[in-house]
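K.L.:
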Amino acid sequence: MTTIKAVPITAEAFAPYGELLTPKASPDKLINEGRCERHHALATVERGGGEAIISIFRSEPVSLPYECPMLERHPLGSQAFMPLGPDAWLSVVAPDEGGRPGTPRAFLVPAGMGVNLRAGVWHGVLTPLDRAADFLVVDREGDGVNLEEVRIPAVTITA
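Count along the sequence shown from 1, then add 18; that gives the number in the working numbering.
1. What are the boundary residues of the beta strand (DSSP E) that includes residue 167?
2. Report back the beta-carbon spacing between residue 71 and residue 152 to the nearest angstrom; my notes put them in contact at under 8 Å.
3. Under a Cβ-count criterion, where at least 16 other Cβ atoms within 10 Å of its own Cβ denotes burial, should residue 83 be classed as buried or exposed?
4. Taking 7 Å as the limit between beta carbons, can you name the residues of its chain near residue 107, skipping five residues before and five after?
5. Would the region 28 to 39 count as touching the region 129 to 145 if we require 3 or more Cβ pairs under 8 Å?
6. Decide if residue 158 is buried, meaning its Cβ has at least 16 other Cβ atoms within 10 Å, or exposed.
7. Roughly how far, in whole angstroms, is the beta-carbon of residue 112 from the beta-carbon of residue 121, given that I think they are within contact range, below 8 Å?
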């Protein structure tokens with residue numbers, strides 16, 4: 019079994035897989051009579067001919083070390099996850115290698131930060147740490163097969 023260490027997420031390290039959903043150092047503009055900062059276009063919704071939908075996912079927690087035995091991807095559209103609670107969470111991703119997941123990476127995502135996974139990026143299941151959590155999810159609904167799941171040799175993820 020392979021063991022990998024979850025590392026703090028950064029925009030640069032996560033760039034091959036998607037974008038971070040977090041405010042910029044300074045807003046693009048002020049709106050609502052100057053009372054609201056707009057951090058504009060943090061990510062792109064890839065729809066692959068479908069519609070963009072918004073859902074809430076409620077996920078059971080895991081604790082580290084955590085064994086990840088399965089990865090999935092959505093080849094026709096992106097998928098964004100934004101936590102609705104106050105806790106950090108884990109994002110497991112892997113590059114595509116000939117239609118199969120390559121070596122997984124694990125990122126510790128701080129409370130209040132989300133991610134947008136590009137279409138076709140292999141990723142683990144939604145993984146809040148230590149207690150159940152709700153996530154706002156933006157993804158694609160439409161014709162075509164937009165979910166592939168594969169079992170992998172279990173990877174143990176540590177802090």
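Backbone N, C-alpha and C define an ideal beta-carbon position, used for all residues, glycine too.
P.N.:
Taking the coordinates as given:
1. Counting from one through the sequence shown, the residue named residue 167 turns up at place 149. Its beta strand (DSSP E) spans residues 166 to 176.
2. Indexing the sequence shown from 1 puts residue 71 at position 53. Indexing the sequence shown from 1 puts residue 152 at position 134. The distance from the Cβ of residue 71 to that of residue 152 is about 16 Å, inconsistent with a contact at the 8 Å cut-off.
3. For the purposes of this step, residue 83 is identified with residue 65 of the sequence shown, where counting begins at 1. Residue environment for residue 83: exposed (fewer than 16 other C-beta atoms within 10 angstroms of its C-beta).
4. Within the sequence shown, the letter at position 89 stands for residue 107. Short of 7 Å from the beta carbon of residue 107, and not among the five residues preceding or following it, lie these beta carbons of its own chain, in chain order: 101, 127, 145, 146, 147 and 151.
5. Contact holds between the region 28 to 39 and the region 129 to 145, because three or more Cβ pairs, one in each stretch, are under 8 Å apart.
6. For the purposes of this step, residue 158 is taken as residue 140 along the sequence shown, with counting starting at 1. Looking at its Cβ environment, which holds 16 or more other Cβ atoms inside 10 Å, residue 158 is buried.
7. The residue labelled residue 112 in the question sits at position 94 within the sequence shown. The residue labelled residue 121 in the question sits at position 103 within the sequence shown. Between the beta-carbon of residue 112 and that of residue 121 there is about 6 Å, and that keeps the pair under the 8 Å contact cut.
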